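This report concerns only the one structure given below.
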Amino acid sequence: MSANRGPRAGSEGATRAPDLAGVPLSAVLPALQRIEPHARACWAYDLDALERRARRFQSAFAALSPLVAYALKANVLPALIERARGAGLGAESGSIGELVIAARAGFGAAARVLNGNGRTLEEAAWAAREGVALVNADSIAELDVLQSAAAREGSTLRVALRVNPGIETPGHRYVSTGGEQAKFGIAAGDALEAWAARARWPQLALDGVHLHVGSQLAEPAPLARSLEVAVELAEESARRAAPLSLVNLGGGFGVDYGAGAEFPLEAWARRLAERTRRLNFSWVLEPGRWMVAPVGVLIAEVLWVKRRGDRSFVVLAAGMNDLIRPALYRAAHRIVPLEPREGAPERVTVVGPVCESADVFAEDVVLPPLRRGDAVALLDAGAYGASMSSNYNGRGRLAEVVASAGRLRRARAGETAEDLARRDTDDALPPGPVT
Ligand SMILES: Cc1ncc(COP(=O)(O)O)c(C=O)c1O
Numbered sequence: 222m223s224a225n226r227g228p229r230a231g232s233e234g235a236t237r238a239p240d241l242a243g244v245p246l247s248a249v250l251p252a253l254q255r256i257e258p259h260a261r262a263c264w265a266y267d268l269d270a271l272e273r274r275a276r277r278f279q280s281a282f283a284a285l286s287p288l289v290a291y292a293l294k295a296n297v298l299p300a301l302i303e304r305a306r307g308a309g310l311g312a313e314s315g316s317i318g319e320l321v322i323a324a325r326a327g328f329g330a331a332a333r334v335l336n337g338n339g340r341t342l343e344e345a346a347w348a349a350r351e352g353v354a355l356v357n358a359d360s361i362a363e364l365d366v367l368q369s370a371a372a373r374e375g376s377t378l379r380v381a382l383r384v385n386p387g388i389e390t391p392g393h394r395y396v397s398t399g400g401e402q403a404k405f406g407i408a409a410g411d412a413l414e415a416w417a418a419r420a421r422w423p424q425l426a427l428d429g430v431h432l433h434v435g436s437q438l439a440e441p442a443p444l445a446r447s448l449e450v451a452v453e454l455a456e457e458s459a460r461r462a463a464p465l466s467l468v469n470l471g472g473g474f475g476v477d478y479g480a481g482a483e484f485p486l487e488a489w490a491r492r493l494a495e496r497t498r499r500l501n502f503s504w505v506l507e508p509g510r511w512m513v514a515p516v517g518v519l520i521a522e523v524l525w526v527k528r529r530g531d532r533s534f535v536v537l538a539a540g541m542n543d544l545i546r547p548a549l550y551r552a553a554h555r556i557v558p559l560e561p562r563e564g565a566p567e568r569v570t571v572v573g574p575v576c577e578s579a580d581v582f583a584e585d586v587v588l589p590p591l592r593r594g595d596a597v598a599l600l601d602a603g604a605y606g607a608s609m610s611s612n613y614n615g616r617g618r619l620a621e622v623v624a625s626a627g628r629l630r631r632a633r634a635g636e637t638a639e640d641l642a643r644r645d646t647d648d649a650l651p652p653g654p655v656t
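Following our numbering, the numbering of the sequence shown begins with 222 at its first residue and continues without gaps.
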């Protein structure tokens, strides 16, 4: 997406809509409506911008030669992740569903990382059978499950233990994952004991440490601290005759949603390279948001402008079921009219059509005048947007459009009311014991 942006929407004024790989954003919804006449909102992604970001990330960290495993949870659209693969990224999966999607999109075993704190037998069996570069284990008990799965397949799984370093990160507590209260990771002492006892799991190459302390980090201090934790653990493990050879520092690199603070990627990469120059590890990084947030937008028509007393509500055709980040994390996305009208800016609250008071995208922001039938874009919506969307309120998930070299394609159709009924059944469940 071209960086054609002005100031943040709000009291300082409105931003102008960026274009999408050479296509004006205002052209996207009308183009989609030619094949989905009822579409009033959609996602749109700039694949050329994604490729540029993927290359920029890899070039920043080139000194470490890491496996850059893009976190699929941020956005799992096949057209998008195929482009990421083509640009050299691997894929971090948090479930068997994401593993299968990764494999279908062409990510080979050497490019796949399996994560998650609720390991299932099915995931372990899949990883042992189809192969992955790395499993990040979230408990010691999980090692037995991985060992059995690998033994059954006669394969070996490389495993990193996710350690909870007790590092709190700034921002919403729901995106802080390395603090004492977080459900993720094991105690450092337990990890050290497991590494020292690695002979108990002969089918596992248990030689890695994994830390992922949080998301939307604006500065590298929490990552620098988690790096020191990893290095100290590796040194201590080596003293116990169980050297480590892999460090996975997770993701968390923040993007600028309009407040002006973007994670200093290159500066951190240089610092990391300098600090680790004499350390002989394989490295894994798992960026999600940084890779895709800025390359996507949520486009929505204005359904209504309602005035009540001195308040104005702009009701969009997209709601919290589409983009839940504002409701879940109180996240703010810049909102820009696609074809701004002349006239004095107005103070409005931008909401969705869902029957929840939390269905608010922006409260009391100043935008150019909007009228019924206009369209707006919510910027930087490429990460944790479509992938977190739901059918709440009987609403079909939106179509997803990709742009590259001036051309648009619909990469995923919008869901209709008929689609919503497709999983409904009236199946008799056989009596008898559960097997
Ligand atoms: C283990 C792990 N790695 C990577 C990521 C990606 O994080 P981000 O999108 O902040 O880069 C997440 C996100 O939750 C995660 O849980």
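For glycine and all other residues, C-beta sits at the position ideal for the given N, C-alpha and C. It should be emphasised that the depicted structure is a prediction, and the values quoted were computed from it without experimental measurement.
Cα-Cα separation, residue 522 to residue 373: The alpha-carbon atoms of residue 522 and residue 373 are separated by roughly 54 Å.
Cutting at 6 Å between CB atoms, please list the residues of its own chain near residue 459, excluding the five before and the five after it. Counting only Cβ-Cβ distances below 6 Å, and skipping sequence neighbours, we find nothing.
Does the segment 319 to 333 touch the segment 551 to 561, meaning 3 or more C-beta pairs lie closer than 8 Å? No: the two stretches stay apart, fewer than three of their Cβ pairs being nearer than 8 Å.
My output table needs one value for residue 302: the three-state DSSP class, helix, strand or coil. Residue state, collapsed to three classes: helix.
So, with DSSP's three-state summary, where would you put residue 429? Here residue 429 sits in strand by DSSP.
Whole-Å CB distance - residue 432 paired with residue 470, under 8 Å assumed: About 6 Å separates the two Cβ atoms, so the contact holds.
For residue 240, the residue or residues it bridges with in DSSP: Bridge partners of residue 240: 245.
Where residue 264 sits in the DSSP three-state scheme: Correct three-state label for residue 264: strand.
Which residue from 650, 634 and 645 puts its Cα closest to that of residue 299? Ranking the options by Cα distance to residue 299, first place goes to 634.
Should residue 441 be counted as a contact of ligand 1 given a C-beta to heavy atom distance under 7 Å? Not under cutoff, so the answer is no.
Quick check: what's the CA-CA separation for residue 501 versus residue 451? Approximately 13 Å between the Cα atoms of the pair.
What ranges does the beta strand (DSSP E) occupy inside the segment 454 to 501, keeping only unbroken runs of at least 3 residues that lie completely in it? Assignment of beta strand (DSSP E) within the segment 454 to 501, counting only whole runs of 3 or more residues, yields 467 to 469 in chain order.
Compute the minimum distance between the beta carbon of residue 485 and the heavy atoms of ligand 1, and state whether it is under 7 Å. No, ligand 1 has no heavy atom inside 7 Å of this Cβ.
What residues in its chain sit with their C-beta under 6 Å from that of residue 667, if we drop five residues either side in the sequence? Here the chain covers residues 222 to 656 and nothing more, so residue 667 does not appear.
Whether or not the segment 527 to 543 and the segment 313 to 325 are in contact is what I'm after, with contact meaning three or more pairs of Cβ atoms, one per stretch, closer than 8 Å; do they touch? No, they do not touch.
One question on the structure: do residue 292 and residue 509 come within less than 8 Å of each other, judged by their Cβ atoms? Between residue 292 and residue 509, the CB-CB gap stays under 8 Å.
For the structure I just gave you, are there three or more beta carbon pairs, one from the segment 602 to 612 and one from the segment 563 to 570, closer than 8 Å? With a cut-off of 8 Å, the segment 563 to 570 and the segment 602 to 612 do not count as touching, because too few Cβ pairs lie within range.
Under three-state DSSP, which class holds residue 517? DSSP places residue 517 in strand when its eight states are reduced to three.
Please go through the same chain and pick out, in chain order, the residues whose beta-carbon is closer than 6 Å to the beta-carbon of residue 516, but skip the five residues on each side of it. Cβ contact annotation for residue 516 (same chain, cutoff 6 Å, sequence separation greater than five): 222, 266, 267, 270, 271 and 603, in chain order.
Could you give the C-beta distance for residue 558 and residue 595, rounded to a whole number, given that I count them as a contact under 8 Å? The pair is a contact, with the Cβ atoms about 6 Å apart (cut-off 8 Å).
Residue 384 and residue 454 - do their beta-carbons sit closer together than 8 Å? Their beta carbons are under 8 Å apart, which means residue 454 touches residue 384 by this criterion.
Give every residue of the same chain whose Cβ lies closer than 7 Å to the Cβ of residue 350, excluding the five residues on either side of it in the sequence, and list them in chain order. Result list for residue 350: 374, in chain order.
For ligand 1, I want to know if residue 501 counts as a neighbour, meaning its beta carbon is within less than 7 Å of at least one of the ligand's heavy atoms. Not under cutoff, so the answer is no.
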